[in-house]
Amino acid sequence: MAASHSNKGLFIILTISCVCGFNIDTKIPFTRTGPVNSYFGFSIAEHMITNSNGDIAEKVLLVGSPKLSRPGDRNNKTGGLYKCSFNSWCKESCAIQLQAEYDDITSIAGTRTDQWFGSVVRSSGKGGYVVVCAHRYTINYSGVGKCIALRESLAFHKLVTPCEDDRLQHKGTAYCQAGTSADINFDGTVVVGGPGAGDWTGGVFTLLVKRQLGVSLIYYSSPWREEQDRKPPPVDLHSYMGYSVTSGHYYSTNTKDMMYVGGSPHANGTGQVVLFYQETGGYLKYRDNQIIKGDEQFSLFGFELATVDLNNDGYDDLIVGSPLHYEKSRAGGAIYVYMGKAGGITGGSKPIKITNQKESEEECAMTTCTESRFGFSLAPAGDINLDGYQDLVVGAPYEENGKGAIYLFHGSKDGIVKKYAQRISGKEIDPTIMTFGHAISGQMDLDGNGYDDVAVGSYQSDTTYLLRTRPIVHLSAKLKVLPNKFNLSQPPDCVIPDNDLKKYCVNLQLCMSFTAKPRNSFSTTQSILYTIEVEKGVSKKRALFVNPGGTIKKSKTDLNQQGVEVCTKEQVKLIDSFNDKLTPISFTVTYNLADIPYPDPSQCSNGVPDINKYPVLVTGMDESTTLVTKVNFSRECGANDICESNIQLTTDLLNLTLPRDNDGTVVLSYGEDKVVIVDVKLDNKGEPAYETNLYVTVPESFEWNQLDVINPPNHVPVRTNPTSTIVELSDIGNPFGNQAKTTNLRHYRLRFNPLEGIEKKFKIIVHVNTTSEEQTVARDRQEFNVRVINRAEVELQSSAAPDGDVFYRGPVRGVSSMKTESDIGPAINHTFTVVNHGPGTIDGATLRIYWPFELKTDYPKGKQLLYLMQEPVVIGGPAECPSYSEFVNSLNIKAITNVGPQTQGTGPQYKVVDSSRKKRETKTSTDKPPKIRKQEIVSKNVVKLNCDKQVNCRVMECRIRGLAKGEQTTVLLRGRLWESTLVQDYPSVDEVWIASTGQVELDTDLNIEQNILDDIAEAITYSIPDLKERISDELQWWIILVAVLAGLLVLIIFILILWKCGFFKRLRPEGYQPTYKGDLKKKDYESNDAAYS
């Protein structure tokens, strides 16, 4: 695009010269069909028959039909060759060429049944020879195979049978299957592949069928078995060398330096390709570095070969097909391009690898690319787009569930263009087609329009197609605008027809011409549709067409002759009133070829459609068919017509509580700094600044408040919010500033409210710009680094009720005996209160309560400790607690009291102990254990139970939001002390302290600075065993029984000791003799007593 500031006007010129269109036509193909199930189209070749003067006499497509059965032939499914002409566009059959095969009947004796004649058809080009093969031809039941060389007129020329029944069966050439592949080059050399030779080692054979002076007509063969004085075969057994063949001059630009290439897709598991050269004596030899190996197992590397000079450097390039290549577990096929050069192609040559893998899994799934067998067939396409480089066609006959597709790749100075230029799906031509792309042929212009055409075979549908190539049109367009500026300082001078008022106008002139190749054969008139739009994409238009009005003009121009320019003129006027007098007014021209309807195939008898009526408009280097030009307004600037402004920007942040950090970082105290003010001052010390805009970028957590205009007082800029984080001020002055003035000060204050969720760190950016040439751009942007803090002091307080000692007593009872909650034990309330001492607000915190609900034991169900009867209750303040129904009253014991939210008047009823005991405990009971309690825990037998190794705890969390300075919120937990657990496990201790723990954690993203030492608190229940119950329990009957028995035992032992000591012996008088008579009389005693007296 070039702009002129002269009064002659403004020119915009676009020449479209890049050739990158898709010009193979699919709408009006030639369709030819063969007998059903004859495999018509299995192999095809474009061919030109010449007369004696070398002029083209007939352009035909040769089609092989290898399973054709001919009426009256004693042999079954011999196959055949068809010649198809293109004098009619109607779908029709082709003429079968029988004589060529009959001419070789007397040459050799063999079996034609199921010989697959026509499995390979190749032409060497205009006026060249043709080769047709039957690789399953047998002699004495040996599949030697054969090929037939035809003259350019398709008359029989020579039988090509490099293999014979040598009686060695599979170890010799008896199963050679010569003709599995074949090629014929321009000098008349036939290259034949025999993959069955030498136990399917395979071989390549050549024969010059076109007689040349001094050249012997003998077979040359590659080594296919071990022979004395000859290099061994380049591949192993069962490699199928010769499954594909081609030839070319890959290391020299001399066409006589020919090399012959054979593909062996089974070699070494990966497949190999070998390049051979001829030497006297009938040998095709190879060098060790001329063996090219595939890179993937079982990929059939070497299945197909082709030769094309893609970069037009005089060296042929070798293309290798690998239809079962896979990548990332996706098989779909690949081709390898080896560029010819001095020194040739070797095993070390790095190929260009192209796969059919699509850009997305969805596209691959849609086209079933994993089964496409991309690279199954290859063919030179000729120069499809006439850019001077040969192109390549690649077949993928099993893509899209077997319907098939072909891909066109362009050549270039750098070789093949890896992105295909055109993909043609078989169903695009015929929805019922199958195996489209199994056979391909190109390099010949069969319809005479100067572009090579592409033939495609679909053997499963017994159909072939000739796809003609559409010509390419190169369009040159230019747009002239006169005058090249709107000068609003002068009165309008454009007179509008049928209107006495004068307007500001410009005149548009659009000129177009075209060229096409080949120039001497293309004379079709080209109709160009174009559209001119004023200010495309702008909602408020400032200009209109004079005739017929509006902002869009559509029209058509016919270009009748190449190189002849055709121009059209339009006039555009400015509307009466608009504000934007700085932004240029744009004019956009888009254009394309007029659509010409394709003929109906049912009317094919009307003649062959002229393909030149459907050209392709080639786009420019940017692939655009669009012209855009702009017309400026004259501005009050310097002599150079460039406004050189010098805007002075001064900014600051106001209304902040805390000082800035040493590095200048702004400190924002959230909760204290309710409004942040961005103070902005603007001045212009240079020439006028047009379309000056001010942008203030803030975080998303800033809410717009208001704009204060400090200076000038009556100035009101326009505020918009193009995004959630940017505030824009426009209409600051258009233009803003004038160097004749002493000051142009603009002073604004933008107010914002920080909201919840503000970032910890962010930037506030102030930026001013203009469409003028700003001289101090670096100073037009200022940034403030902001650090956000939240100053608040949070304290967690706790209490337990009852605040005195709680007795536990009674027998140990199981769960089944507890009917109501009073059967469990004393009522317990633990309360946690979060207090915010400010100054900031707590917008997010978590109160986490650890509730000791059971002792850790070996019992599977544990031993209850503090049994939670009710969900956590919030008493005042902005706290929310979720439901913990899974462990609140988990045993479904009947509740008799309940604490409701936001009240303290409905708490549980506590059993009151004797007043003196309560008074003493109340005196020492506080939120935290006092010192006297800590001494008691040493001097007494005191057990403290909290969330440690002895106790299992439930964790409950409550969220706190919006706790302002001086506010508090309380969470109450109501439970019961499980007496049976304490009676059973702690009957003889002095006290049991049971503590629940609360902890408040502030959300880390609030960035709050505070003391965390008072963020944890315990609520403790002090419980003691009832003494009377203990004594009563000690005087049970079994204790009394044991005591009595023990006393008796002691008594018996004591008596035995006395007895042993002689305690029970009586003191007798000296000389006393015991009397054993039982008849003593009383008087005797009396006399004895008297005697003693």
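With mature numbering (1 follows the signal peptide of the UniProt record, and there is no 0) as the guide, the letters of the sequence shown map in order to residues -21 to -1, 1 to 1072. Cβ coordinates follow ideal geometry from the N, Cα and C atoms, glycine included. Model, not experiment: these values are computed from the prediction.
Given residue i, which residues of its chain have a CB within under 6 Å of its CB, disregarding the five upstream and five downstream residues?
i       : result
Ala780  : Asn808
Gly227  : Thr286, Asp295
Gly213  : The question names Gly, but residue 213 in the sequence shown is Pro. Excluding sequence neighbours, Pro213 sits near Val253, Tyr265, Ile270.
Phe866  : Arg933
Asn539  : Thr504
Leu1037 : none
Leu196  : Leu187
Can you list, in chain order, the residues of its chain whose CB lies under 8 Å from that of residue i, leaving out five sequence neighbours each side?
i      : result
Leu357 : Glu283, Leu284, Ala285, Ile298, Gly300, Ile314, Leu371, Val372, Val373, Gly374, Ile419
Asn16  : Lys46, Asp441
Gly181 : Gly172, Gly173, Pro174, Gly175, Trp203, Val214, Ser218, Tyr219, Met220, Gly221, Tyr222, Gly241, Ser243
Measuring straight from C-alpha to C-alpha, what distance separates residue i and residue j?
i            : j       : result
Ser795       : Leu844  : 17 Å
Gly855       : Ile939  : 11 Å
Trp1017      : Arg788  : 21 Å
residue 1075 : Val551  : One cannot answer for residue 1075 here, as it falls past the ends of the chain, which runs -21 to 1072.
Lys210       : Val597  : 54 Å
Cys126       : Glu71   : 28 Å
Lys910       : Ser1002 : Its pLDDT being 38, under 50, Lys910 is placed unreliably by the model, and nothing is read from it.
Asn764       : Phe741  : 6 Å
Gln888       : Asp784  : Any reading at Gln888 must be qualified, since the residue scores a pLDDT of 41, below 50, and its modelled position is unreliable; the value itself is stated next. One C-alpha to the other measures close to 15 Å.
Gly701       : Glu707  : The sequence given here has Pro at residue 701, not Gly. Their backbone Cα atoms lie some 7 Å apart in a straight line.
Leu508       : Thr605  : 12 Å
Asp631       : Asp687  : 14 Å
Pro450       : Lys406  : 24 Å
His453       : Gly429  : 16 Å
Leu637       : Leu647  : 7 Å
Thr349       : Val587  : 38 Å
Ile97        : Ala434  : For clarity, residue 97 is Gly in the given sequence; the question names Ile instead. Distance between the alpha carbons of Gly97 and Ala434: 16 Å.
Asp893       : Leu952  : Confidence at Asp893 is low in this model, with a pLDDT of 36, below 50, so the placement of that residue is unreliable and no value is reported for it.
Ser64        : Ser518  : 59 Å
Thr629       : Leu561  : 26 Å
Asn164       : Gln276  : 32 Å
Quick one: what does DSSP say residue i is sitting in, helix, strand or coil?
i       : result
Leu187  : strand
Val922  : strand
Ile916  : Confidence is the limiting factor: at Ile916 the pLDDT is only 47, short of 50, which leaves the residue's position unreliable, though a coordinate-based value still follows. Reduced to three states, the DSSP call for Ile916 is helix.
Gln439  : helix
Gln582  : helix
Gln541  : coil
Gln148  : helix
Leu467  : coil
Leu1037 : helix
Val433  : strand
Asn291  : coil
Ser64   : coil
Asp267  : helix
Excluding the five sequence neighbours on either side, which residues of its own chain have a C-beta within less than 7 Å of the C-beta of residue i, listed in chain order?
i            : result
Met27        : Ile35, Lys38, Lys105, Gly106, Met423
Glu915       : Low local confidence applies: a pLDDT of 47 at Glu915 is under 50, so the model's placement there is unreliable, with the coordinate-based value given in what follows. So the qualifying residues of the chain are Val921.
residue 1098 : It is not possible to answer for residue 1098, since the shown part of the chain is limited to -21 through 1072.
Asn30        : Ala36
Gly736       : Ser680
Ser502       : none
By DSSP's criteria, residue i is part of a beta bridge. Which residues make up the other side?
i            : result
Ala134       : Note: Ala134 sits in no beta bridge, so no partner.
residue 1079 : Lying before the first or after the last residue shown, residue 1079 is absent from the chain, which here runs from -21 to 1072.
Ser778       : Thr810
Using alpha carbons as the reference points, say which of the options lies closest to residue i.
i      : options                         : result
Leu387 : Lys923, Asn380, Ile395          : Ile395
Thr750 : Val791, Asp822, Asn625          : Asn625
Glu205 : Ile408, Arg760, Asp178          : Asp178
Ser468 : Ser613, Phe9, Ala134, Leu425    : Ser613
Gly261 : Gly59, Pro141, Asn247, Tyr669   : Pro141
Gln929 : Arg955, Phe832, Asp993, Gln989  : Phe832
Lys535 : Asp559, Ile554, Tyr570, Gly529  : Tyr570
Ser102 : Thr225, Gly1041, Arg146, Ala157 : Thr225
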